[in-house]
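Number of protein chains: 8
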Amino acid sequence: MEKKEIIGILKQVSEGNLTVDEALLQFKTAPFEDLGFAKIDNHRSLRQGIAEVIYGAGKTPQQIAEIAASMLANGQKTVLITRLNKESAEFVSIKIPLQYYETGNIGIAGELPEPDGYGKIVIATGGTSDIPVAEEAALTAMALGNGIIRLYDIGVAGIHRLLEHADDIMSARVIIAVAGMEGALPSVIGGLADCPVIAVPTSVGYGASFGGLAALLSMLNSCASGVSVVNIDNGFGAGYLASMINHIGAE
Amino acid sequence: MEKKEIIGILKQVSEGNLTVDEALLQFKTAPFEDLGFAKIDNHRSLRQGIAEVIYGAGKTPQQIAEIAASMLANGQKTVLITRLNKESAEFVSIKIPLQYYETGNIGIAGELPEPDGYGKIVIATGGTSDIPVAEEAALTAMALGNGIIRLYDIGVAGIHRLLEHADDIMSARVIIAVAGMEGALPSVIGGLADCPVIAVPTSVGYGASFGGLAALLSMLNSCASGVSVVNIDNGFGAGYLASMINHIGAE
Amino acid sequence: MEKKEIIGILKQVSEGNLTVDEALLQFKTAPFEDLGFAKIDNHRSLRQGIAEVIYGAGKTPQQIAEIAASMLANGQKTVLITRLNKESAEFVSIKIPLQYYETGNIGIAGELPEPDGYGKIVIATGGTSDIPVAEEAALTAMALGNGIIRLYDIGVAGIHRLLEHADDIMSARVIIAVAGMEGALPSVIGGLADCPVIAVPTSVGYGASFGGLAALLSMLNSCASGVSVVNIDNGFGAGYLASMINHIGAE
Amino acid sequence: MEKKEIIGILKQVSEGNLTVDEALLQFKTAPFEDLGFAKIDNHRSLRQGIAEVIYGAGKTPQQIAEIAASMLANGQKTVLITRLNKESAEFVSIKIPLQYYETGNIGIAGELPEPDGYGKIVIATGGTSDIPVAEEAALTAMALGNGIIRLYDIGVAGIHRLLEHADDIMSARVIIAVAGMEGALPSVIGGLADCPVIAVPTSVGYGASFGGLAALLSMLNSCASGVSVVNIDNGFGAGYLASMINHIGAE
Amino acid sequence: MEKKEIIGILKQVSEGNLTVDEALLQFKTAPFEDLGFAKIDNHRSLRQGIAEVIYGAGKTPQQIAEIAASMLANGQKTVLITRLNKESAEFVSIKIPLQYYETGNIGIAGELPEPDGYGKIVIATGGTSDIPVAEEAALTAMALGNGIIRLYDIGVAGIHRLLEHADDIMSARVIIAVAGMEGALPSVIGGLADCPVIAVPTSVGYGASFGGLAALLSMLNSCASGVSVVNIDNGFGAGYLASMINHIGAE
Amino acid sequence: MEKKEIIGILKQVSEGNLTVDEALLQFKTAPFEDLGFAKIDNHRSLRQGIAEVIYGAGKTPQQIAEIAASMLANGQKTVLITRLNKESAEFVSIKIPLQYYETGNIGIAGELPEPDGYGKIVIATGGTSDIPVAEEAALTAMALGNGIIRLYDIGVAGIHRLLEHADDIMSARVIIAVAGMEGALPSVIGGLADCPVIAVPTSVGYGASFGGLAALLSMLNSCASGVSVVNIDNGFGAGYLASMINHIGAE
Amino acid sequence: MEKKEIIGILKQVSEGNLTVDEALLQFKTAPFEDLGFAKIDNHRSLRQGIAEVIYGAGKTPQQIAEIAASMLANGQKTVLITRLNKESAEFVSIKIPLQYYETGNIGIAGELPEPDGYGKIVIATGGTSDIPVAEEAALTAMALGNGIIRLYDIGVAGIHRLLEHADDIMSARVIIAVAGMEGALPSVIGGLADCPVIAVPTSVGYGASFGGLAALLSMLNSCASGVSVVNIDNGFGAGYLASMINHIGAE
Amino acid sequence: MEKKEIIGILKQVSEGNLTVDEALLQFKTAPFEDLGFAKIDNHRSLRQGIAEVIYGAGKTPQQIAEIAASMLANGQKTVLITRLNKESAEFVSIKIPLQYYETGNIGIAGELPEPDGYGKIVIATGGTSDIPVAEEAALTAMALGNGIIRLYDIGVAGIHRLLEHADDIMSARVIIAVAGMEGALPSVIGGLADCPVIAVPTSVGYGASFGGLAALLSMLNSCASGVSVVNIDNGFGAGYLASMINHIGAE
């Protein structure tokens, strides 16, 4: 129930077309949607072209295809499908037009929107093995209307590789720093940049990396200011948050 | 060494006032400051009035007073001192003008700046025991030039308390959600808001809270989008990051 | 050895048909069953129609079929088989009449009893991925003679979905709250309800969910009163306990 | 805002005394209290004499005394104060009439209500060191109107001590099993009883008990049905939940 | 180098057949075998018929067959092969006479010795899923010359099953208590028995059993005296230690 | 109720002095003590002079003194008091004759018994900091009637110190190996000895010793046969078990 | 950019062939390579014949073959490929000359260099299951120009096996001690040797070894001086560091 | 027993002054010292002036003073006392000449030796709070005859501070990198240097640093080659190992 519906009910009561008891019943059976909790959805609908998201893990290809088709039919221009493996992608692409990005396990139905954020999102990784998580972040950000700069394989054990990109780092509006193993990248980047740094630990590593725990703890203890952390391998979450920050200036 | 110094050296060489070897020596002994890595410092100096920060833990009251006095003498208008206990605060306040906020263990030397951020920072806590960490965040944000709204003790086990403040939550530019125990607050807030939510786990709790670990893990696994996490009890980090996001629109 | 048997032995002694030594021997070889420890079993036999339970994991289809057939032959009207995969179910269903519920990995031999509990058991999940565990709980509760209400996918990151079902939550006699990831559902439900809430953490999640540990710790630290916790993914245990509570009023 | 207030607003609109916009504003500023979320409070007020609870940890004696005095002044007959140490209790008892139970760190202002539950709550401990947690549970249950039976120091390493009380265990309506170290008590009791068993791990132990973690994990893995677990040392939570179950039959 | 060799060298020196330097060289190149460190091996050779052990995990069937064949050829009457899967057993049994016990993943080449220990070893399990680990212990003990009593599926949640075997438990010389999940069995048995109890946690369980960690911690914290613990699933170690204790009286 | 009491009851019934119902009542009210579960106590009473044990931690000096005095008054010749700090010992020694051993935090009221075990118990430590735990084990063993050999500070990082005592190690009947830090001592000793080795991890260490966890895990993973483990710092448990093994040959 | 390039730019400026702005641009776009950060690479190029390393895990056979071929074509005499499984090795060996060492999962393209270190590297393992990790270390060291001595299967539970090799241990220049399970080997070796000992925990073990965690913690807590630790199963890291130490004397 | 003693015994036998049995007895009672296991001690005595070490923790000031006095009396020129708090130092300095370094909790009795290592040891810290651990390392290294360079407070969040010291880092013979919190320093240094880097995690930090665990895991997962790790806060171990490596070239 949206604002105008509440107004509608109240008007009906004021006009005598609805008794007080009937109005009460309507508030009781649908009491919250009328109060703006679907604000995100409304907000989204005001910014046409921004992606809806389908979390592909745990859904059958058939389910994914149907949901995406329905969204497209309802006028959604971009549908982002995360955690989509190659086999599912092939099935889905028969049913609906789909661009599949295998590295990030991402499918995009419809078309990528033009970037409308206020700056660039830099996405950096420590090693080449972190790239799939970074690509999940990158494509999420792109589907949500952001321009991105990829700085991959600039891990801190070869600090000159990172410093060569100091200009990009220093001019970013928000940075996603993706790293496994010792997870030190966000700290070094956080020290160079003066914008928010979203740290994404990855499960890359072996032995005492304990599935990304080492990188996670390292990032949570970063001595650089402006760094916050999302879940291990959560490229989507980082891309979504980065997009949020990159669109803030619009308000 | 700043940009203009590099230019100066190069000019001296081009004018014959400096040999190539002499120039090389200068690059070798001070090779990095010339390349802009002190950018944060420069940047800060452009935004006069913003606080310098002293991390009080592990420093003697004498050290704190001296550092703060030196900063004030250098023209710094606001000096934020975190993790400052009452005894140290009393000592410091003899040496320099100091406003002490005991709940947040924060001292402010100089004066609080006028808020110059683009919106309001909402700071919410699950319970009353989380307030010290929240106040660390709140005073940090205020010292960095932000207007704040406090929503304390609105934990999820009494969801109506939280929903009563839905308007504040939905109109915030960035939210800091502070909670110990089960750490569920950021998830619920993240579902209501469409701005970045910075989750701060606290060490409040006992038994299986394991010093804040339960809240930390809960927050990292939040199913709400737009949520990122800082270290346990890290109110300062949350306040700093929130301020960063709240000033982004300025660029 | 039941009470009447003890009496029988004592009578035989009093009648001189059994020497003291012979009686002693009987007590020694079967000393405990006579003292009521099989009370649960007796109790069960008084409430005909209630299910016997077979834990299917680690048993061959052949073993399961034989045990179930034997129970049915002994007059058991309902036999609940948990952790039964599809392949095993197909084998078992050739041997005995079996209704298989794939989502919850549950088989029911015989017929579901009429609900005879004193109220309704609400079973809620945070997301759709938690449904298999919830169905294990639901079917367990049904097989033990309970009416249930399913409230699936009402996770706290979309609090309005949960609030829409506030009536069901507030009128339940006992609630099973099933959630993975941050495990916040039981806290929010516990705050709304004034009946016991059984929290079931699930292994749904990735990264720092650590196989359900995050949800488990979150639930143990719930600041809502009336919440207790069972093992990760233990839908059966939750359904069993809920049924116990739902039948308490009968005594 | 309660139900009658909503009706009032709607009536005013229907009578033309309130415009639609004015009504809308009222819904927006106080949207939830009107919908019954304070039900627990209402419900409590219907069962006069039941205790209000003050969590004493982290509050000053002055604060505790004021809150309790206010509750008593408002007609509350019993006020339960948990985690109240001896020093605070002495201060509080000067201000208001207080009965202090040192072992359980519990203070009761006002008077204990008559038991009005439907059965007895059995509270058992493994050892003597677990008694403080058990007493927190016992006094909580008593303050909430329950009759209790204490079975202390009946740990599983001397199984005959436990079996001597088999009658109490088998006739309980709900059992609270409190144990540290290996935490096996709830499993053995759960096997004897056919009522709900609330397991409370305690931090009693040393070395590999890891502050109660060993007992907690043991209880979560109990192979007895009908067992659920609360946080380490959470006697209050167990007493509250047990009281809830013990009063269910009233509906 | 054995004792007699040292004597031989010393004699040669005393007879002038070996210079001091030559003797020194011999001591240097083989300094430790002469000092009795192979005592276990010698000792074993004095108790003919006792099994040699081959740890099958990580060895090819070909390797296992060759080692066992060599041992048998050298006069070993019993060769115990642990962690031997069915496929490997089939291969080995073509090469040498082998009795394979699938439940315990144990192969025995040669013949089982007559029991020559001083008492009986009782091997108990909490559930049926613990039997494979128990059988590893049982067959190890049998291969080392012990009589055993199996008490399987007597878990503490049905304490009467355990108490029915109180006579066996109280007359054992050493007991191996095997349990997964909450791991409470050794505590209860330890309270009944007054002989050493070797606790073996198993990885049986799910969720918060964390691969046997819950049972392990429970057993380490046992409040029963006389209980010690071996590694998770280490049936062999328990059987070996039990045999050691059961043969102690022989000295 | 002991065996002769059961016989008595049965005789009374057979003689007509007790009705069947009266006899049943007696079995019901005291059903277990009659079945020999107090066997340990009986057994102990047969071996006069063996120590009763008081666990001193968590008891007041007054309580300890009273319990010990009562035991001595009942004819107990040796009372072992563990975890007894110096202050408590001074208080207790005023009330009863007490020998206090400060290093092991042990008090002995009465007199130490003559050793009556079948061999020697060797007690070894890795370092000097492990000695308090070792002394708890040593004095426990002595109070239970065992001769002991102390081999302190023979840690594996100076293997020659350990090897110098190879004779003691190889001739022991049972060995207690106490070590903190890396906890390697039991493995090396276990390889030299062919008797049971009881490993006691200590909380000695810092950093990644995690309160004894490192030593505990190391000992549980020992590749030496015949090694089992007790809780961290559990010197008493090790001494008790060692005494049990050392007295086995008596049967 | 190397030193001579900087000099070149400066010369051009001094000669008027490059404006100050043009020079500045060059420094800005390639600011760090000119300052010696590629020193390792330069250094390596001075020691011709030393191996380049390809980390094979996560690369396709095609990628590995191409990188190795390119390195060989550029004059590299030895290319070390780690974590190379048999299938990949077969593919690679079709494209380029490759010697494959299956046990250590190592491929060597080109030829092994002559040892040019200053001493011998001893590589020891506790058991036979640790050999794959040890071989990764051994072949890494050989590919980097070191002579090695293998001492495999000399675990501390059979201390005489280790002591038989005391001469090798005492004359090594650096030792790599590889062990799983209790991880005690480095402590014992560290006590015998007076050279650096690099401890490598392996994931060999089961149950409470927790994937190598037990060995890792044990090694970190070693009471022997001169011991440091690398990641679980990190044979390559140990071999690389050992080679570094073994070549130090050359400077 | 040293080599010459063995020769002496053999000579006595060859001369008929010792029977074979008498010689055997001598070997048996002191079998290992004769074989060079005290090599470290011998070796040390060859390098006069090098420090003996006393681990001060857990020793009384009286004990420390006595041990140190005895060492000095035996001709030891330098005695290093670690983990020595100020109070103990004051007591010890009354008894013997002592230089006390409060920051590192180190006392040096006697005089510091002249550096005789082959290079410089660089000791770096991430922050100022890590300095006590670094000073323990620094003074240990100095007491063992090494020249050192201190690079304190060069943490990776301000990478320019670290890079300013690139020359020192690149010319070191061995580096000790001390860091708490995220522990990233060794990775960055390891990427710049081509000498061994000894990583020392510190317990500096709070919350999710878990007493140094975060830094420890980070360092174990370092993607830089040549890095190994010692225990949390183990400055002494790092200094000792660094000295060992710095003296290697001497052989």
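Protein chains in written order, with the UniProt record's numbering: chain C, 1 to 251; chain V, 1 to 251; chain Z, 1 to 251; chain A, 1 to 251; chain E, 1 to 251; chain F, 1 to 251; chain S, 1 to 251; chain L, 1 to 251. Glycine is no exception: its CB is placed at the ideal position from the N, C-alpha and C atoms.
It is roughly 5 Å from the alpha-carbon of residue 55/C to the alpha-carbon of residue 82/C.
Contact check between the segment 145-153 of chain L and the segment 113-127 of chain L: three or more CB pairs, one atom from each, fall below 8 Å, which counts as touching. Residues of the segment 207-231 of chain A with a Cβ closer than 9 Å to any Cβ of chain Z, in chain order: 216, 220, 221, 222, 225, 226, 227, 228, 229, 230 and 231.
For residue 198/E, the nearest beta carbon of chain A is not closer than 9 Å to its own beta carbon. Distances from the alpha-carbon of residue 221/E to those of 199/A, 183/A, 234/A and 150/A put 183/A closest. When Cβ-Cβ separations below 9 Å define contact, residue 234/A makes contact with chain V. Against chain A, the beta carbon of residue 171/V has no neighbour under 7 Å; the closest one sits roughly 12 Å away. Annotation: residue 187/S has no Cβ neighbours in chain C at a cutoff of 7 Å; minimum Cβ distance is about 19 Å. Residue 202/F is not bridged by DSSP to any residue. Separation of residue 93/Z and residue 240/Z (C-alpha to C-alpha, rounded to the nearest whole angstrom) is 24 Å. Taking 9 Å as the cut-off, the beta carbon of residue 163/Z is found no closer than this to the beta carbon of residue 124/Z.
Any Cβ of chain F closer than 9 Å to the Cβ of residue 152/E would place that residue at the interface, and such an atom is absent.
Counting C-beta pairs closer than 8 Å gives fewer than three between the segment 196-206 of chain A and the segment 204-215 of chain Z, which falls short of the contact rule. Around the beta carbon of residue 78/V, 16 or more other beta carbons lie within 10 angstroms, which makes this residue buried. Boundaries of the beta strand (DSSP E) around residue 52/A: 52-55.
Close partners of residue 129/S in chain E (Cβ separation under 7 Å): 58.
With 16 or more neighbouring CB atoms inside 10 Å of its own CB, residue 132/Z falls in the buried class.
The beta carbon of residue 84/F is closer than 8 Å to those of 56, 64, 92, 100, 105, 106 and 107 in its chain, skipping five residues each way along the sequence. Cα atoms of residue 137/E and residue 137/F: separation of roughly 28 Å, rounded to the nearest angstrom.
With a cutoff of 9 Å on beta-carbon distance, residue 142/S and residue 115/S are scored as near each other. Per DSSP, residue 228/C is not a residue of any alpha helix (DSSP H); the beta strand (DSSP E) it occupies stretches across 227-229. If you check each beta-carbon in the segment 86-109 of chain E against every beta-carbon of chain S, none falls closer than 8 Å. Fully contained in the segment 74-120 of chain S are the following beta strand (DSSP E) runs of length 3 or more, in chain order: 78-82, 98-101 and 106-110. Proximity of chain A to residue 241/Z at the Cβ level (cut-off 8 Å) is accounted for by 196, 225, 226, 227 and 228, in chain order. Look at residue 70/A: its C-beta is not under 9 Å from any C-beta on chain V.
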